[in-house]
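Written out below as structure tokens is the structure these notes cover.
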Amino acid sequence: MINHDDEQEPPYLYPDYVGTRLRAPVRPLVRLPPGSHDFPAPFFPREVGKLEFDLTRQHAGEPLGERIIVTGRVLDSDGRPVRQTVVEVWQANAAGRYLDQDDQHKAPLDPNFAGAGRCLTDDQGRYRFVTIKPGAYPWTNHLNAWRPAHVHFSLFGQHFRSRLVTQMYFPGDPLMPHDPILQSIPDPAGRERLVSRWDQETTVPQWALGYQWDIVLRGSEATPFEDEHR
Amino acid sequence: MSLPVTPSQTVGPFFGVGLPFEGSENVVPAERDAAIRIQGQVIDGKGDPVPDALLEIWEPSVGFGRCRTDAEGAFHVVAAKPKAGGPGGAPEAPHLNVTVFARGLLRHLVTRIYFPDEATANADDPVLKLVEPERRPTLIAKECGNVLHFDIRLQGTSETVFFVI
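Those protein sequence lines, which keep their order, are chains A and B.
Residue numbers for the first sequence follow the working numbering, so the first one is -2 and each next one is one higher.
Residue numbers for the second sequence follow the working numbering, so the first one is 42 and each next one is one higher.
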């Protein structure tokens, strides 16, 4: 079987990203027959609240930072919208700090920002979050290493094999060419697909900048012929 | 039409604010009769615990659970042993599907937890048969009192078998 994703997906071992060196598997992965993992994604065992899409309204006051809207469509690789699927996001605050006890970056926490949200896609596969633009932050991968601003995304799609955890970046960020996590994707076109697009239509006058970012999940491997025999 | 898929990126170290939720480690309610506690450790290529991994358990038609590792790399989930049989009626032994996310994993890993009291079914399992015999034990949980034990070794000589799906 040819894996068309190979140039698009990062390898497990990418030594420039130091964290991969002791965690990437070194034994060959065992390829399972097509269709063996086409079972549907499970029912998400938690209700998604109507306001969870808005990361700026989870506390008494509003968070500091540049208010943004992040929206787009979730599609499968056949171009069909993935409807009613859970999209989860988490991110640093405007100062580049996560509300996580392990984040020791000396930047202030924001009492009005937890940095996590969830929503369901609509019948066109559309998702929408209101949040603030996350700050860049330093990490210890190499000397003077800084992560470009990003929002983490987690998606289920329709099948076990469509599961995706990834990161969305912002256009024009000068840190992107220096970030080994983004640069681990071999194909420049693949890296480009993780960068959102500022969009005038999405931008709301006097209120928030808008970014568009579409996500494509792996579809089922089963051919229609195989489906008929299930 | 075939659209290129969106590439994967690591879950990073700070997913704790976004992904786990209260009770998310229970695939089935802990008080259910058939509930089994499965615990273990995620270990890196040097033998050190991985304190920032997230495991997800997928049981088709049963449920879903997720658990992050603690400072010792330890996790536990509560699941139920599924029935034998895979998609399309393939005669697979009972197993749980597991995805592993962690800082340092640019893509998630996929593995399976098989059950130690299913020796006959395991011997006939078409997926276990694809695995070199000496590596098969990495996919079978160990009985440990009332709980099952399943370690995930990301790298090295006793590395857990991971799958491409």
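Cβ atoms here follow ideal geometry from the backbone N, Cα and C, with glycine treated the same way.
Of all Cβ atoms in chain B, is any one closer than 8 Å to the Cβ of E85(A)? By this cut-off, E85(A) is an interface position.
Residues bridged to R70(A) by DSSP? R70(A) is bridged to R123(A).
So for K170(B), helix, strand or coil by DSSP? Helix.
Counting along the chain, where does the alpha helix (DSSP H) carrying E198(A) start and finish? Run containing E198(A): none; DSSP gives neither H nor E here.
Environment of T137(A) [buried if 16+ CB atoms lie within 10 Å]: Answer is exposed; the Cβ neighbour count stays below 16.
Could you please tell me which residues of the stretch 60 to 83 of chain A, in chain order, have their CB closer than 7 Å to any CB of chain B? Across the stretch 60 to 83 of chain A, CB contacts with chain B closer than 7 Å involve L72, S74, D75, G76, in sequence order along the chain.
Which residues, in order along the stretch 33 to 61 of chain A, keep a beta-carbon less than 9 Å from a beta-carbon of chain B? For the stretch 33 to 61 of chain A, which is checked against every Cβ of chain B, the residues closer than 9 Å are S33, H34, D35, F36, P37, A38, P39, F40, F41, P42, R43.
Given Q25(B), which residues of its chain have a CB within under 8 Å of its CB, disregarding the five upstream and five downstream residues? Given that chain B is displayed from residue 42 to residue 206, the structure contains no residue 25(B) and the question cannot be resolved.
Which whole-angstrom value is the C-beta distance of V83(A) and F41(A), which I expect to be below 8 Å? Correct: roughly 5 Å between the Cβ atoms.
Rounding to the nearest angstrom, what Cα-Cα distance links L172(A) and Y134(A) in this structure? Distance between the alpha carbons of L172(A) and Y134(A) is about 10 Å.
Please report whether the beta-carbon of V205(B) lies at a distance below 8 Å from any beta-carbon of chain A. V205(B) has a beta carbon lying within less than 8 Å of a beta carbon in chain A.
Just to make sure I have the definition right: I need the residues of chain C whose C-beta is within less than 7 Å of the C-beta of Q101(A). Which are they? You won't find chain C in this structure, because its protein chains are A and B.
Measuring CA to CA, which of P39(A), E59(A), A142(A) is closest to G104(B)? The shortest Cα separation from G104(B) among P39(A), E59(A), A142(A) belongs to P39(A).
Where the beta strand (DSSP E) containing T140(B) begins and where it ends: Segment 136 to 143, the beta strand (DSSP E) holding T140(B).
With three or more beta-carbon pairs closer than 8 Å as the criterion, would you say the stretch 51 to 59 of chain B touches the stretch 186 to 200 of chain A? Contact between the stretch 51 to 59 of chain B and the stretch 186 to 200 of chain A is absent, because fewer than three Cβ pairs lie under 8 Å.
Do we get a CB-CB distance below 8 Å when we pair H149(B) with the residues of chain A? Yes, because at least one Cβ of chain A sits closer than 8 Å to the Cβ of H149(B).
Relative to the C-alpha of G169(A), which residue among I212(A), R125(A), L191(A) is closest? For G169(A), the nearest C-alpha among the options comes from L191(A).
What does the Cβ neighbour count give for S43(B), buried or exposed, with the cut at 16 atoms within 10 Å? So S43(B) ends up on the exposed side.
Which bits of chain A does G114(B) rub up against, with CB to CB less than 8 Å? None at all; the shortest Cβ gap to chain A is about 12 Å.
Range of the contiguous alpha helix (DSSP H) that encloses Q50(B): First-last for Q50(B): undefined, no H or E at that position.
Below 8 Å on the Cβ atoms is my contact criterion, and I expect L195(B) with P22(A) to pass it. Report the Cβ-Cβ distance as a whole number of Å. The Cβ separation is near 6 Å, so the contact holds.
How about V52(B) and F142(B): are their beta carbons less than 8 Å apart? Going by C-beta atoms, V52(B) is nearer than 8 Å to F142(B).
Residue range of the alpha helix (DSSP H) that includes P135(A): Boundaries around P135(A) are those of the beta strand (DSSP E), 134 to 136, since no alpha helix (DSSP H) includes it.
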